[in-house]
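Asks: Would you mind keeping the following structure in view while I ask a few things?
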Ligand SMILES: Cc1cc2nc3c(=O)[nH]c(=O)nc-3n(C[C@H](O)[C@H](O)[C@H](O)COP(=O)(O)OP(=O)(O)OC[C@H]3O[C@@H](n4cnc5c(N)ncnc54)[C@H](O)[C@@H]3O)c2cc1C
């Protein structure tokens with residue numbers, strides 16, 4: 143059952159005393175600011191209505207958290223559902239490659255958290271989570287503490303630059319001057335400006351190893367930037383340095399687009415891990431000793447689970463990436479804490495890190511949580527997430543390729559693999575145009591589902 147405001151205040155004073163005893167620093171109250179003690183994630187309850195309803199707190203308003211918030215409220219209407227998100231508005235990564243080359247408007251990508259919460263009857267709480275007390279069942283946020291009965295951590299990814307460099311100065315320069323563009327917001331704006339302002343030369347994009355966010359997106363981005371150079375008559379070329387031995391998904395479709403549409407505009411170099419960055423002279427060196435000069439770039443490093451997982455003490459290395467969620471791969475419950483779930487791109491399973499995967503998985507996780515709240519004796523059977531992914535290869539008109547797939551667990555391998563794969567990798571003619579329309583309709587359908595927009 144949820145803690146009341148009074149119980150939370152009691153917890154706050156215990157926490158403050160404990161911290162004082164251990165010598166941890168708090169913001170000391172001063173005569174100018176008598177309230178400052180504990181004002182940031184240190185024991186002040188968040189301004190939320192008191193209720194005795196079972197409380198489900200979801201951290202992260204991305205594709206996963208938005209879907210779980212909506213469907214938990216739908217399947218357990220008596221629950222109080224709170225979505226905690228640090229951003230003030232939602233920006234979609236899917237379709238952002240089309241915005242980067244000016245083929246769609248920004249409004250198409252931007253959505254309203256308040257609308258999502260109004261339409262789906264949950265609370266949107268705009269704050270950053272800075273701590274999780276799994277014993278007391280309380281999260282600390284930049285705007286006060288929130289007690290939970292069930293907690294979902296859906297914080298997405300962080301970047302892992304460690305295989306490229308251990309030098310924090312170089313890492314900061316890479317993050318600032320050549321952002322990957324795989325987290326929405328400033329990175330996408332930087333990338334768009336780089337592309338629209340590009341004059342001539344090599345534009346380097348990279349594909350990391352491991353299970354990175356959105357397998358087809360770097361190849362889609364290469365096609366669309368090449369298309370933009372071609373359309374604008376820019377004497378530029380996209381150099382796509384892929385750490386993998388081959389295109390990781392929709393191989394036939396992307397390879398034929400590279401060759402037939404962008405023979406003069408894309409150079410695809412598989413198995414090309416960068417081992418040295420010379421940013422001052424704008425050169426990189428690959429494992430094979432090739433030195434490649436560039437006029438501009440977006441360097442996409444490996445990914446890992448969001449650092450929030452470590453803050454919460456629920457992270458461990460997966461077989462693909464560092465520090466992903468330490469969960470039961472069928473129920474999404476954190477090992478040792480069945481009231482905490484981790485979902486979305488932070489999960490350790492080899493599912494495609496995609497929005498559609500996160501959305502369909504979110505419906506299943508919401509059923510699990512609702513079954514507990516509704517006192518069901520049996521938990522819902524495992525359901526496979528569904529990966530439905532369209533990728534644009536040209537922009538006027540939009541031509542696209544697509545893949546649909548589910549997952550099955552292989553007992554021998556102790557891992558999930560694709561099943562029921564249906565790929566449509568023909569991008570030319572009517573099929574390609576229909577896939578292009580499918581891409582736009584898919585996105586509208588997903589936004590409608592999450593926001594009722
Ligand atoms: C360029 C690009 C193209 C893509 N194309 C497609 C596509 O065509 N189809 C498709 O299905 N998928 C696509 N994807 C993948 C898709 O965007 C991701 O798989 C999806 O966003 C994952 O959802 P998520 O909820 O796990 O993470 P996110 O969407 O990243 O959401 C995580 C949220 O948690 C919040 N958060 C993190 N830490 C905290 C904290 N401490 N406190 C509060 N809030 C916090 C973040 O602000 C963020 O809003 C694409 C991705 C990119 C980058």
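In this note's numbering, the protein residues as written are 143 to 595. All residues carry an ideal CB built from backbone N, CA and C; glycine is no exception. Keep in mind it's a predicted model, so treat the numbers as computed, not measured.
Does residue 513 come out as helix, strand or coil in the three-state DSSP assignment?
Replies: Three-state DSSP puts residue 513 in a helix.
Asks: Nearest by alpha-carbon distance to residue 259: which of 230, 244, 236, 279 is it?
Replies: Closest option to residue 259, Cα to Cα, is 230.
Asks: In the DSSP assignment, find the alpha helix (DSSP H) that holds residue 579 and state where it starts and stops.
Replies: Here the alpha helix (DSSP H) through residue 579 covers 571-593.
Asks: Among 281, 392, 334, which one has its Cα closest to the Cα of residue 565?
Replies: That would be 392, whose Cα lies nearest to the Cα of residue 565.
Asks: Shorter than 7 angstroms, the distance from the beta carbon of residue 126 to the closest heavy atom of ligand 1, or not?
Replies: The chain is shown only over 143 to 595; residue 126 falls outside these bounds and no answer can be derived.
Asks: Please state the DSSP three-state secondary structure of residue 90.
Replies: The structure shown has nothing for residue 90, since the chain only spans 143 to 595.
Asks: Would you mind reading off the limits of the beta strand (DSSP E) that contains residue 282?
Replies: Residues 280-283.
Asks: Could you compute how far the alpha carbon of residue 274 sits from the alpha carbon of residue 280?
Replies: Between residue 274 and residue 280, the C-alpha separation is close to 6 angstroms.
Asks: Assign residue 581 to buried or exposed, taking buried as 16 or more other Cβ atoms, counted over all protein chains shown, within 10 Å of its Cβ.
Replies: With 16 or more other Cβ atoms within 10 Å, it is buried.
Asks: Shortest alpha-carbon distance to residue 221 belongs to which of 208, 195, 241, 201?
Replies: Answer by Cα proximity: 195.
Asks: Given the structure, does residue 205 come close to ligand 1, in the sense that its CB is under 7 angstroms from one of the ligand's heavy atoms?
Replies: Yes, ligand 1 has a heavy atom inside 7 angstroms of this Cβ.
Asks: Considering only their Cβ atoms, is the gap separating residue 346 from residue 436 smaller than 8 angstroms?
Replies: Yes, the Cβ-Cβ distance between residue 436 and residue 346 is below 8 angstroms.
Asks: What ranges does the beta strand (DSSP E) occupy inside the region 416-455, keeping only unbroken runs of at least 3 residues that lie completely in it?
Replies: Taking only runs of at least 3 residues, the beta strand (DSSP E) segments lying wholly in the region 416-455 are 416-420, 425-428, 433-435, 438-440, 444-447.
Asks: If contact is defined by three or more beta carbon pairs under 8 angstroms, each pair taking one atom from either stretch, is the region 312-321 in contact with the region 499-506?
Replies: At 8 angstroms Cβ cutoff, the stretches do not touch.
Asks: Please look up how many angstroms separate the CB atoms of residue 298 and residue 488, rounded, as I've assumed it's under 8 angstroms.
Replies: Right, the Cβ-Cβ distance comes to about 6 angstroms (below 8 angstroms), so this counts as a contact.
Asks: Could you pull out every residue in the same chain whose Cβ sits closer than 7 angstroms to the Cβ of residue 400, ignoring the five residues on either side in sequence?
Replies: Only 408, 410 meet the Cβ criterion.
Asks: Straight-line CA distance for residue 246 to residue 576?
Replies: Distance between the alpha carbons of residue 246 and residue 576: 17 angstroms.
Asks: Please state the DSSP three-state secondary structure of residue 366.
Replies: In the structure shown, residue 366 sits in a helix (DSSP, three-state: H, G or I).
Asks: State the start and end residues of the unbroken beta strand (DSSP E) segment that holds residue 224.
Replies: Residue 224 -> beta strand (DSSP E) spans 222-227.
Asks: Go through the region 313-360 residue by residue and report every complete run of the alpha helix (DSSP H) that reaches 4 residues or more, in order.
Replies: Within the region 313-360, the complete alpha helix (DSSP H) runs of at least 4 residues are 328-338.
Asks: Would residue 550 be called buried (16 or more neighbouring beta carbons within 10 Å of its own) or exposed?
Replies: Counting Cβ neighbours within 10 Å, residue 550 comes out exposed, since fewer than 16 surround it.
Asks: Counting Cβ pairs, one atom from each stretch, are 3 or more of them under 8 angstroms apart for the region 524-539 and the region 358-371?
Replies: In short, these stretches touch, since the Cβ pair count reaches three.
Asks: Thinking just about the alpha-carbon of each residue, which of 480, 456, 374, 511 is nearest to the one in residue 209?
Replies: Cα-wise, what sits closest to residue 209 is 511.
Asks: Per the DSSP calculation, residue 410 is bridged to which residue(s)?
Replies: Answer by DSSP bridge pairing, in chain order: 382.
Asks: Considering only the alpha carbon of each residue, which of 546, 594, 508, 472 lies closest to residue 557?
Replies: Out of 546, 594, 508, 472, 472 has the C-alpha closest to the C-alpha of residue 557.
Asks: Give me the Cα-Cα distance between residue 291 and residue 490, rounded to the nearest whole angstrom.
Replies: In a straight line, the C-alpha of residue 291 is about 24 angstroms away from that of residue 490.
Asks: With respect to 7 angstroms, is the separation between the Cβ of residue 226 and the closest non-hydrogen atom of ligand 1 below this value?
Replies: Yes, since a heavy atom of ligand 1 falls inside the 7 angstroms radius drawn around the Cβ of residue 226.
Asks: Quick check on residue 277: buried or exposed, where buried means 16 or more other Cβ atoms within 10 Å of its Cβ?
Replies: That one is exposed.
Asks: Can you tell me whether residue 298 is helix, strand or coil according to DSSP?
Replies: Coil, per DSSP.
Asks: Ligand 1 heavy atoms versus the CB of residue 270: any closer than 7 angstroms?
Replies: Yes, the beta carbon of residue 270 sits closer than 7 angstroms to at least one heavy atom of ligand 1.
Asks: Classify residue 470 as helix, strand or coil using the three-state DSSP reduction.
Replies: Residue 470: coil per DSSP, three-state reduction.
Asks: Just reading off the alpha helix (DSSP H) that residue 207 is part of, what are its end residues?
Replies: Residues 205-217.
Asks: Flag this pair as yes or no: are the beta carbons of residue 432 and residue 417 separated by less than 8 angstroms?
Replies: It is not a contact, given that the beta carbons lie outside the stated cut-off.
Asks: Please classify residue 176: is it buried, with 16 or more other beta-carbons within 10 angstroms of its beta-carbon, or exposed?
Replies: For residue 176, the pLDDT reaches just 37, beneath the cut-off of 50, and the residue's location in the model is therefore unreliable, although a value from the coordinates is still provided. Exposed, by the Cβ-count rule.
Asks: In whole angstroms, what separates the C-alpha of residue 569 from that of residue 524?
Replies: Residue 569 and residue 524: Cα-Cα distance of roughly 35 angstroms.
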